[in-house]
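Quick notes on the structure that follows.
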Amino acid sequence: MNIVQGFGVEAGKPLASSNRIAKVGFTGETTTGKLIMQYASENLIPVTLELGGKSPNIYFKDVMDGDDAYISRCVEGFCTLTLIRARFAHAHLEPLFMKIFTNRLWLWLKSE
14 MNIVQGFGVE AGKPLASSNR IAKVGFTGET TTGKLIMQYA SENLIPVTLE LGGKSPNIYF
74 KDVMDGDDAY ISRCVEGFCT LTLIRARFAH AHLEPLFMKI FTNRLWLWLK SE
């Protein structure tokens with residue numbers, strides 16, 4: 014597996030249209046994803062796409078009731094997405110949720 018970062022015309026097009034490539038995975042905007050699919054289709058290369066926008070995360074009030082692996086994964090996911098410059102949008106955050114979440118976030122950061 015090789016991970017290549019770059020712009021579509023410079024990196025994506027040569028890779029996705031090469032007959033030496035067994036599979037293409039692409040994460041990015043929808044317009045570029047369509048082009049990647051088009052390039053890969055020339056050689057019938059399988060494509061996995063993760064396109065556009067936000068990853069929905071919905072947490073209810075009781076999510077913090079248990080101290081389990083699920084909440085650890087939520088914190089880890091938040092840190093990982095933040096490191097790759099993902100953005101979170103929210104309509105409403107419960108103050109108690111934010112207090113508990115930020116405490117666990119701090120503990121996770123100190124442990125890494």
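Using the numbering used here, read the sequence shown as starting at 14 and increasing by one per residue. Beta carbons are placed, not taken as given, at the ideal position from N, Cα and C, and that holds for glycine. Computed from a prediction, not measured in an experiment: that's the story for all the values here.
### Message
Less than 9 Å between the C-beta atoms of GLY46 and LEU28, yes or no?
### Response
Walking along the sequence shown from the start, residue 46 turns up at place 33. Walking along the sequence shown from the start, residue 28 turns up at place 15. No.
### Task
Would you decide whether ALA35 is buried or exposed? Buried here means 16 or more other CB atoms lie within 10 Å of its CB.
Here residue 35 refers to the residue found at position 22 of the sequence shown. Exposed, by the Cβ-count rule.
### Query
What span of residues does the beta strand (DSSP E) with LEU28 cover, start to end?
Here residue 28 refers to the residue found at position 15 of the sequence shown. From DSSP, LEU28 is part of no beta strand (DSSP E) but of the alpha helix (DSSP H) over 26–29.
### Query
The alpha helix (DSSP H) with GLY19 in it runs from where to where?
Against the sequence shown, residue 19 aligns to sequence position 6. Careful: GLY19 lies outside any alpha helix (DSSP H) and carries neither H nor E.
#### Entry: Assigned secondary structure, GLU89 (DSSP; H/G/I helix, E/B strand, else coil)
For this step, residue 89 is matched to residue 76 along the sequence shown. Residue state, collapsed to three classes: helix.
### Task
Note down, in chain order, each residue of its chain lying with its Cβ closer than 6 Å to the Cβ of TYR52, except the 5 sequence neighbours on either side.
Stepping through the sequence shown from its first residue, residue 52 is reached at position 39. Here the set comprises LYS26, ALA29, SER30.
### Query
Okay, do the region 52–62 and the region 79–90 touch, 3+ Cβ pairs below 8 Å being the bar?
no
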